[in-house]
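Residue numbers (my numbering): 6 to 235. All residues carry an ideal CB built from backbone N, CA and C; glycine is no exception. All values derive from a computational prediction rather than experimental measurement. These notes are about the structure you will find just below.
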Ligand SMILES: [Zn+2]
C-alpha cells in the first residue's frame, strides 16, 4: 500500500474528511503524507522566511514525540510505516528550516525556482576583475611553492592572499545581508497576498543571490585550501 495520497482526502481508517495534518481529527489515527506538502506546512507554518527558531525547535520536539515509532509498536504495520515516514520527513523539514539560508534554498527548490545553471563556474560581473587577480595570485603562490627558493616572496604572497580572503568574507556577509533584505520583502509580499508573478520575481532575485553566495564560498574555500598547502 502506498503511503502517499492526495491532499484533501479522507481518513484511511474512519473516512472522515482529512486536510493533510499528521493525525485524523475524528479518530486520531496517524495519516499518510499528502503529496506536495511542503516543510512549512508540515510544521503548520506559513511559507514565510522569518522564523522564530526557538518556536520551531519546540514544534520539532513536540512532533518528534508524537510521531515517534515507539508510540506505534502495538499498532498495525501500516501505522508503523506511516510513523517512520513522518518521523523521517520531520527530520528533513527541521534541517531545512532551522538554517536561514537552507530555508531560502528549500523555498526556491520546492517552487522549482532554484536554478544554479552556469553560475557555479561563472564569476558575478562585479567580481570579475577580482577573481582574475585572485587566480593570478594563486598561480604565483603555486609556482613559488614549487620552486621554494625565495621564502620572503612566498610569505608576502601568502599575506596578500590572506588579505584577499578577508575581503571575500566581507563580501559574503554583504551577500547574506542582501538575502536577508529580500527575505523581508518576501514576507511582506506574503502578508500582502502577492500574486504569482510578484512571488516569482522575488524568488528569482533570491536565486541570483544564492548563486553569488555559493560562488564566493567556493572562492574562499579555494584560497583557504591553497594557503593551507603553502
Ligand atoms: Zn479518522
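{"Check": "Would you kindly report the start and end of the unbroken alpha helix (DSSP H) that includes residue 2?", "Outcome": "Nothing about residue 2 can be reported from this structure: the residues present for the chain run from 6 to 235 only."}
{"Check": "Using the Cα positions of residue 142 and residue 162, report the straight-line distance between them to the nearest angstrom.", "Outcome": "7 angstroms"}
{"Check": "Going by CA-CA distance only, name the one from 184, 37 and 98 that's closest to residue 82.", "Outcome": "37"}
{"Check": "Should residue 165 and residue 91 be called a contact, given that it needs their Cβ atoms to be closer than 8 angstroms?", "Outcome": "no"}
{"Check": "Between the alpha carbons of residue 59 and residue 199, how many angstroms are there, rounded?", "Outcome": "28 angstroms"}
{"Check": "Between residue 277 and residue 70, what straight-line distance do the alpha-carbon atoms span, to the nearest angstrom?", "Outcome": "What the structure shows of the chain is the stretch from 6 to 235, and residue 277 is not part of that stretch, so it cannot be assessed."}
{"Check": "Under three-state DSSP, which class holds residue 128?", "Outcome": "coil"}
{"Check": "For residue 194, I'd like the list of residues in its chain whose CB is within less than 7 angstroms of its CB, leaving aside the five on either flank, ordered along the chain.", "Outcome": "203, 204 and 207"}
{"Check": "Per DSSP, residue 28 forms a beta bridge with which residues?", "Outcome": "35"}
{"Check": "Could you name the residues whose beta carbon sits closer than 6 angstroms to any heavy atom belonging to ligand 1, keeping them in chain order?", "Outcome": "16, 18, 19, 21, 29, 31, 32 and 34"}
{"Check": "Going by DSSP in three states, residue 9 sits in which element: helix, strand or coil?", "Outcome": "Because the pLDDT of residue 9 is 48, which lies under 50, any placement of that residue in the model is unreliable, and the number read from its coordinates should be weighed accordingly. Strand."}
{"Check": "Could you say if the stretch 45-61 and the stretch 102-112 meet the contact criterion of at least three C-beta pairs nearer than 8 angstroms?", "Outcome": "yes"}
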